[in-house]
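Going by the UniProt record's numbering, the sequence shown opens with residue 1, and the numbers climb by one from there. In what follows, a single structure is set out as C-alpha cells and then discussed.
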Amino acid sequence: MADKRPYIAMVVVQVIFAGMAMISKAAFNMGMNTFIFLFYRQAFSVIFLLPLCLIFGRKNAPPLPFKLLLKIFIVSLIGLTINLDVYNVAIKFTSTTVATAATNAIPVLTFIFAVLLKMETLNPRRLPGILKLFGVTLCLVGVLVIAFYKGPQLISLNSFHPIIHGSVANHHMISNSNKTWIKGTFLMVLSAVAWSSFIVSQGFILNEYPHQLIFQTLCAIFSTFQSFLVAVAFERRLSKWKLNYDFGLIAIAYSGLFIGVLGFYLQTWSIDKKGPVFAAIFTPLSLLITIASSALLLGEVTYLGSVLGGVVMVIGLYSVLWGKIKEKKPADQILRT
C-alpha cells in the first residue's frame, strides 16, 4: 500500500487542480476580482496551515537563517504571487480548458530550467536528446495552436445552466475577442514559466532546509502579504473587498484549503518521494477531467483549437518523459550486467 500512495496522491492532486480551474472561473465570471480572490485564498491557506505548523512543524526544526528566509520570500513572490495573479487573469480571459492544457507545459518548462541549471543533460545527437527536443517543440506548437486557432465549438451546454447563464454569457462577450484570447493564452504560459521556476527552486530550498510544512507555511504567509499589496494597487474600492455568503466565498475556501494546503502538500510530498518526472506523468489527467466537467458544470464552450493544442502539448510532454526514460535505460542495463 505504501508504494501506491504517491500514485493515489497525484491522482487526487489532478482532480483538485481541475476543480480549482472550474471553481475559480465561475467566481470570476460572477464578478469576483482576481487579485482580491488571490489575497483571500492565501489568507485562508495561512489560517489552515499556521496551527498545523505550530503543532507539528516546530519539532526538531533548526532555526531559519535570514538568507534562506529571503530566498523563500523571493520564491513565494515569483512562484505563488506572480504566478497565481497572472493565472487568474489568464483564466478570466480564456477558459478552463486552456488553463489546464497550459499546465502540460509546466513539466517541459521545468525540464528546460533544469537543463539551464545543469541539473539535466541534453544531447541532441542521441535518441533521448532528440525525443526531448521534439517534446519541447511540440509544447511550443500546442501553445501557438491554442492562441491562434479557436476552431469550431465542440461542446456547449449553456442552456442547461440558467443560474450562471448570465455571467457566462457576459464572459463569452469578453473572451471571444481574438486579442483577449491570445493575451490570455500567453499570460497562461507566463504563469506556467513562473510555476516551473518555483518547482525547481523548491527542490534547492528543501535540500537546504528539509522541513516541508514550515516551508509551505512560510510561502503562504509571504504570498498573503505580497498578494495584499498587489490587490490594493489594483482595487481600492472597499465594496469589492467585502465577502458575501455566495459562490465567491466557496471558491476562496476551496482554493485555500484544497489547493493551498492539501494539493500543495501532496504534490511536494510526491515529488520528494518519486521525483518531478513521476509527478509530471499525471498532468494530462486534469485536462481530461476539465474538458468533461466544465461543459457539464459550467456550461462552458469548448473549442476545437483548445483541445487540439492540449493534445499536442500532452504528446510533447510524454515525448520529453520518454526521452528521460530512454536516457536511464543504458545505465540500468550496465548495472544488471
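Each residue gets a CB set at the ideal place from its N, CA and C atoms; glycine is no exception.
Exposed unless 16 or more other CB atoms sit within 10 angstroms - verdict on Gly151 = Of the other Cβ atoms in all chains shown, fewer than 16 fall within 10 Å of the Cβ of Gly151; this residue is therefore exposed.
query = CB-CB under 7 Å to Leu122, same chain, minus the five flanking residues each way: which ones, in chain order?
reply = Same-chain partners within the cutoff: Val115, Gly129, Lys132.
request  = Helix, strand or coil for Ser175, going by three-state DSSP, please let me know.
outcome  = Because Ser175 sits at a pLDDT of 48, beneath the cut-off of 50, its placement in the model cannot be relied upon, and the following sentence gives the value as read from the coordinates. The three-state reading of DSSP puts Ser175 in helix, counting H, G and I together.
message = Given this structure, state the Cα-to-Cα distance separating residue 339 from Arg126, to the nearest angstrom.
response = Since the first and last residues shown for the chain are 1 and 337, residue 339 lies out of range.
Burial state of Ala192 (16 or more Cβ within 10 Å) = Classification for Ala192: buried.
Straight-line gap, Phe37 to Pro124 (C-alpha atoms, nearest Å) = Whole-angstrom Cα-Cα distance: 44 Å.
inquiry  = Whole angstroms are fine: how far does the CA of Gln42 sit from the CA of Ile221?
reply    = Spanning the alpha carbons of Ile221 and Gln42 requires a straight line of approximately 8 Å.
Length of the line joining the Cα atoms of Phe215 and Glu208 = Linking Phe215 to Glu208 through their CA atoms gives a straight-line distance of about 11 Å.
message = Assuming the contact rule is C-beta atoms closer than 8 Å, Pro6 and Phe278 should be a hit. Round their C-beta distance to whole Å, please.
response = About 7 Å; that satisfies the 8 Å criterion.
inquiry  = If you reduce the DSSP assignment to three classes, tell me which class Phe160 lands in.
reply    = Summary for Phe160: the model assigns pLDDT 48, below 50, so the residue's position carries little reliability; its value from the coordinates is reported in the next sentence. Under the three-state reduction of DSSP output, Phe160 falls in the helix class.
inquiry  = Let me make sure I understand the geometry here. Which of Thr96, Asp85, Leu144, Leu117 has the alpha-carbon closest to that of Ser227?
reply    = Cα-wise, what sits closest to Ser227 is Asp85.
task = Determine which residues share a DSSP beta bridge with Gln153 and list them.
result = Per the DSSP secondary-structure output, Gln153 pairs in a beta bridge with Tyr303.
inquiry  = Considering only the alpha carbon of each residue, which of Trp322, Ile315, Lys326 lies closest to Leu140?
reply    = By alpha-carbon distance to Leu140, the top candidate from Trp322, Ile315, Lys326 is Ile315.
message = Along the chain, where does the alpha helix (DSSP H) containing Ala61 start, and where does it finish?
response = Looking at the DSSP string, Ala61 is not in any alpha helix (DSSP H), and its letter there is neither H nor E.
ask   = Hey, quick one: how far does the alpha helix (DSSP H) through Ile250 stretch, first residue to last?
value = Per DSSP, Ile250 belongs to the alpha helix (DSSP H) from 247–254.
key: Cβ-based neighbour list, Thr290, same chain, cut-off 8 Å, excluding 5 preceding and 5 following   = Cβ neighbours of Thr290 beyond the five flanking positions: Ala18, Ala21, Met22, Thr96, Thr97, Ala99, Thr100.
ask   = What is the residue span of the alpha helix (DSSP H) that Ile291 lies within?
value = Where Ile291 is concerned, the enclosing alpha helix (DSSP H) stretches over 284–293.
key: Proximity to Asn104 [Cα-Cα], best of Leu304, Asn60, Ile281, Cys219   = Per the C-alpha coordinates, the member of Leu304, Asn60, Ile281, Cys219 positioned closest to Asn104 is Ile281.
task = Identify which residue in Thr94, Leu218, Ile55, Ile182 has its Cα closest to the Cα of Arg76.
result = Looking at the sequence provided, one finds Ser at residue 76 rather than Arg. Nearest in C-alpha terms to Ser76, of all of Thr94, Leu218, Ile55, Ile182, is Leu218.
request  = Have a look at Gly135 and Trp241 and give me their C-alpha separation to the nearest angstrom.
outcome  = Distance between the alpha carbons of Gly135 and Trp241 is about 43 Å.
query = Cα-Cα, which of Ile205, Tyr254, Phe148 is closest to Gly309?
reply = Of the candidates Ile205, Tyr254, Phe148, the residue whose Cα lies closest to the Cα of Gly309 is Phe148.
request  = Mind checking which residues open and close the alpha helix (DSSP H) that includes Arg125?
outcome  = That residue, Arg125, is in no alpha helix (DSSP H); it is neither H nor E in DSSP.
message = Rounding to the nearest angstrom, what Cα-Cα distance links Val232 and Lys67 in this structure?
response = Taking the straight line from one Cα to the other gives about 28 Å.
request  = State the DSSP-derived secondary structure class of Pro210, mapped to helix, strand or coil.
outcome  = In this structure, Pro210 counts as coil in the three-state DSSP scheme.
request  = Would you identify the three-state DSSP class for Gly31, choosing helix, strand or coil?
outcome  = The DSSP-derived three-state label of Gly31 is coil.
Three-way DSSP call (helix, strand, coil) for Met119 in this model = In the displayed model, Met119 falls within coil according to three-state DSSP, outside both helix and strand.
query = How long is the line joining the alpha carbons of Ile199 and Leu138, rounded to whole angstroms?
reply = Take the alpha-carbon of Ile199 and the one of Leu138: they are about 22 Å apart.
request  = Would you decide whether Asn60 is buried or exposed? Buried here means 16 or more other CB atoms lie within 10 Å of its CB.
outcome  = By the Cβ neighbour-count rule, Asn60 is exposed, with fewer than 16 other Cβ atoms within 10 Å of its own.
message = I need the DSSP call for Thr137, collapsed to helix, strand or coil.
response = Helix.
request  = Pull up the CB-CB distance for Phe48 and Gly256, whole angstroms please, since I reckon it's below 8 Å.
outcome  = Contact flag correct, Cβ pair sits at about 7 Å.
Unbroken alpha helix (DSSP H) run spanning Asp272, endpoints = 264–274 is the span of the alpha helix (DSSP H), which, as asked, contains Asp272.
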